[in-house]
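Undergrad:
2 protein chains.
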Amino acid sequence: MEGNSTVNDGGAGRAAPRKRADARRNERALLDAAAAVFVTSGVEAPVRDIAARAGVGVATIYRHFPTRADLIVAVYRHQVEACAEAGPALLESAASPYDALRRWIDQFVDFLVTKHGLAAVLQSDNAGFDTLHAYFLDRLVPVCSRLLDAAAAAGEIRSDLNALELMRGVGNLCIGADNDPRYDARRMVALLIAGLRPQP
Amino acid sequence: MEGNSTVNDGGAGRAAPRKRADARRNERALLDAAAAVFVTSGVEAPVRDIAARAGVGVATIYRHFPTRADLIVAVYRHQVEACAEAGPALLESAASPYDALRRWIDQFVDFLVTKHGLAAVLQSDNAGFDTLHAYFLDRLVPVCSRLLDAAAAAGEIRSDLNALELMRGVGNLCIGADNDPRYDARRMVALLIAGLRPQP
DNA sequence: TACGATACGGATCGTCGTTCCGTTTTGCAA
DNA sequence: TTGCAAAACGGAACGACGATCCGTATCGTA
Chain A
1 MEGNSTVNDG
11 GAGRAAPRKR
21 ADARRNERAL
31 LDAAAAVFVT
41 SGVEAPVRDI
51 AARAGVGVAT
61 IYRHFPTRAD
71 LIVAVYRHQV
81 EACAEAGPAL
91 LESAASPYDA
101 LRRWIDQFVD
111 FLVTKHGLAA
121 VLQSDNAGFD
131 TLHAYFLDRL
141 VPVCSRLLDA
151 AAAAGEIRSD
161 LNALELMRGV
171 GNLCIGADND
181 PRYDARRMVA
191 LLIAGLRPQP
Chain B
1 MEGNSTVNDG
11 GAGRAAPRKR
21 ADARRNERAL
31 LDAAAAVFVT
41 SGVEAPVRDI
51 AARAGVGVAT
61 IYRHFPTRAD
71 LIVAVYRHQV
81 EACAEAGPAL
91 LESAASPYDA
101 LRRWIDQFVD
111 FLVTKHGLAA
121 VLQSDNAGFD
131 TLHAYFLDRL
141 VPVCSRLLDA
151 AAAAGEIRSD
161 LNALELMRGV
171 GNLCIGADND
181 PRYDARRMVA
191 LLIAGLRPQP
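What follows is the structure, given as structure tokens:
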């Protein structure tokens, strides 16, 4: 678990051309800088700020992460993976499939609301963010779908539900959850999840 | 119901200084142009586009509508008012308070999803949009609150609900409802409203 | 018709994303 | 160690945009 983080090391693929030392150093510096700047200024922080924090020129950022989406994905990949892997685990440990679903969504919400502006950008129709969109959806929708199916099979929720739609709904509810103490995204998400139950 | 649309005509106030003819003409032209451009390019369309469409210079836009929020409010004021007034009406005509609430939310959602990018900007933490935020909330939250209270009094929904939070939740769910046929905001909102019912 | 106030329009400034290009660094081989 | 080509770098430069400034044109009135 090391080496060229973003692209290489698919495992089997031919020729890992092995990047230069300064390139690897800068990529690491950029990831650290981006993570730090994201915390204080949000995921839409100016490119120049991130470059400055990392002590590199702006072009270097584009060389390593062609779009902002690539940078964001790289920064949060670990946490997204953790969330994805938590799905099956919860399904085993929780009292019921519905409970597993509820807890998993909670975890996802916890992740989102602590990332300044991530939820907002996650649904941006801005082309160039569709990579980000795609990554999150590809990784998490199947997990959510499994949980949904299990809960539906147990008769705990309605069966006409679509995982992608639910994930987007939850993501949307998390937008602006920071910077306004009057709005509690967790409570709204809880309401949405409560709405999944079979209607009387 | 005419005259200086944005500021004057509060009714009682001293001296409606009566703006110049060209000023009134331009304000009207700007409102029409903005409405048209918002439809095609969304509410975040470049200021220059709107000015060009109206046949005026950019400064004129800022003279009449200091912030973009002012322009958006002016363009949609009628429809927001209509929505606000529909609340009490529905409460009388609907079969039950919960039904009135459901229909009112539906109407609000219909309004939001047909306005390119309005829902997104409605929760933007960007200062300068807080005028917009404030207008929508001031006008609609009390209406929603009445509906909520009525439904709660009838025992149709839980009573621990907050109108502001609900409005923001609904607004958030409407973000990105256009430009992605896989996401149906109406369905998610319906789920959220279903979640309002007293839990078993 | 003349004049002051009002409003106008486009030039201008600062910010930001993105690209371009001359320079520096690195890895490797002689 | 030294030489060199490929790889990577950094900052200048460009275009889009929001916002402001200022010289000019227009309107209402005396």
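Protein chains in written order, with full-length UniProt numbering: chain A, 1 to 200; chain B, 1 to 200.
Just so it is clear, CB atoms sit at the ideal spot from N, CA and C, and this is done for glycine as well.
1. Which residue from B/ALA194, B/CYS83, B/ASP180 and B/ALA151 puts its Cα closest to that of A/ALA127?
2. Against chain A, which members of the region 113-127 of chain B pass a CB distance test of less than 7 Å?
3. Is it buried or exposed for B/PRO66, if we count other Cβ within 10 angstroms and need 16 for buried?
4. Cβ closer than 7 Å: which chain B residues qualify as neighbours of A/ARG168?
5. How would you list, in chain order, the residues of chain B whose beta-carbon sits under 8 Å from the beta-carbon of A/GLU165?
6. Which ranges would you report for the alpha helix (DSSP H) in the UniProt domain "HTH tetR-type" (24-83) of chain B if only whole runs of at least 4 residues count?
7. For chain A, find out if any of its Cβ atoms is closer than 8 Å to the Cβ of B/ALA194; answer yes or no.
8. Cα separation between B/PHE136 and B/VAL80?
9. Please name the residue, chosen from A/ILE157, A/ALA151, A/SER159 and A/ARG77, that lies closest to A/LEU140 on a Cα-to-Cα basis.
10. Residues of chain A with a CB under 9 Å from the CB of B/GLY176: which are they?
11. With H, G and I counted as helix, E and B as strand and the rest as coil, what does DSSP make of A/ILE175?
12. Report the residue ranges of all alpha helix (DSSP H) runs contained in full by the region 126-163 of chain B; include only those spanning at least 4 residues, in chain order.
13. For B/TYR98, does the three-state DSSP call read helix, strand or coil?
14. Tell me the rounded alpha-carbon separation between B/LEU148 and A/LEU132.
15. Does chain B have any CB closer than 8 Å to the CB of A/GLN199?
16. Rank A/ALA134, A/ILE157 and A/ARG28 by C-alpha distance to the C-alpha of A/LEU101 and give the top, closest one.
17. The alpha helix (DSSP H) spanning B/LEU192 covers which residue range?
18. Would the region 91-105 of chain B and the region 17-30 of chain B be scored as touching if the rule is three or more Cβ pairs under 8 Å?
19. What is the DSSP secondary structure of B/GLN199, counted as helix, strand or coil?
20. Let me see if you follow: with CB-CB separation under 8 Å, is A/LEU147 close to chain B or not?
21. Rounded to whole angstroms, how far is the Cβ of A/ALA86 from the Cβ of A/GLN107, which I believe are closer than 8 Å?
22. Exposed or buried, what is A/ALA69 when buried is set at 16 or more other beta-carbons lying within 10 Å of its beta-carbon?
TA: Straight from the coordinates:
1. By 1-based counting over the first sequence, the position of residue 127 of chain A is 127. Among B/ALA194, B/CYS83, B/ASP180 and B/ALA151, the Cα nearest to that of A/ALA127 is on B/ASP180.
2. GLN123 and ASP125
3. Residue 66 of chain B sits at position 66 when you count from the first residue of the second sequence. Exposed is the call here.
4. The residue labelled residue 168 of chain A in the question sits at position 168 within the first sequence. Under a criterion of Cβ atoms nearer than 7 Å, the residues of chain B adjacent to A/ARG168 are, in order, TYR183.
5. For this step, residue 165 of chain A is matched to residue 165 along the first sequence. Going along chain B in sequence order, the residues near A/GLU165 (Cβ under 8 Å) are ARG182, TYR183, ASP184, ARG187 and MET188.
6. Those alpha helix (DSSP H) runs which fall completely within the UniProt domain "HTH tetR-type" (24-83) of chain B and span 4+ residues are 47-54 and 58-64.
7. The residue labelled residue 194 of chain B in the question sits at position 194 within the second sequence. It does; some Cβ of chain A falls within 8 Å.
8. Taking the second sequence and counting its residues from 1, one reaches residue 136 of chain B at position 136. Taking the second sequence and counting its residues from 1, one reaches residue 80 of chain B at position 80. Rounded to the nearest whole angstrom, the CA to CA distance from B/PHE136 to B/VAL80 is 8 Å.
9. Indexing the first sequence from 1 puts residue 140 of chain A at position 140. Cα-wise, what sits closest to A/LEU140 is A/ARG77.
10. Translated into the one-based positions of the second sequence, residue 176 of chain B becomes position 176. Residues of chain A passing the Cβ test: GLN123, SER124, ASP125, ARG168 and ASN172.
11. Position 175 of the first sequence, counting from 1, holds the residue named residue 175 of chain A. In this structure, DSSP gives A/ILE175 a state outside helix and strand, which the three-state scheme calls coil.
12. 130-153
13. For the purposes of this step, residue 98 of chain B is taken as the residue at position 98 of the second sequence. Here B/TYR98 sits in helix by DSSP.
14. By 1-based counting over the second sequence, the position of residue 148 of chain B is 148. By 1-based counting over the first sequence, the position of residue 132 of chain A is 132. Our two residues, B/LEU148 and A/LEU132, have alpha carbons roughly 37 Å apart in a direct line.
15. Numbered from its first residue, the first sequence carries residue 199 of chain A at position 199. A/GLN199 counts as touching chain B.
16. Here residue 101 of chain A corresponds to residue number 101 of the first sequence, with the count starting at 1. Of the candidates A/ALA134, A/ILE157 and A/ARG28, the one whose C-alpha sits nearest the C-alpha of A/LEU101 is A/ILE157.
17. Counting from 1 along the second sequence, the entry for residue 192 of chain B is found at position 192. That run of the alpha helix (DSSP H) goes 185-194.
18. Taking a cut-off of 8 Å on C-beta distances, the region 91-105 of chain B does not touch the region 17-30 of chain B, as fewer than three cross pairs fall below it.
19. If you number the second sequence from 1, residue 199 of chain B lands on position 199. B/GLN199 falls in the coil class under three-state DSSP.
20. Looking up residue 147 of chain A in the first sequence gives position 147. Chain B, which has no Cβ nearer than 8 Å to the Cβ of A/LEU147, makes this no.
21. Within the first sequence, numbered from 1, the residue matching residue 86 of chain A stands at position 86. Within the first sequence, numbered from 1, the residue matching residue 107 of chain A stands at position 107. Indeed, because the Cβ distance is near 6 Å, the residues count as touching under 8 Å.
22. Taking the first residue of the first sequence as position 1, residue 69 of chain A is located at position 69. A/ALA69 comes out buried.
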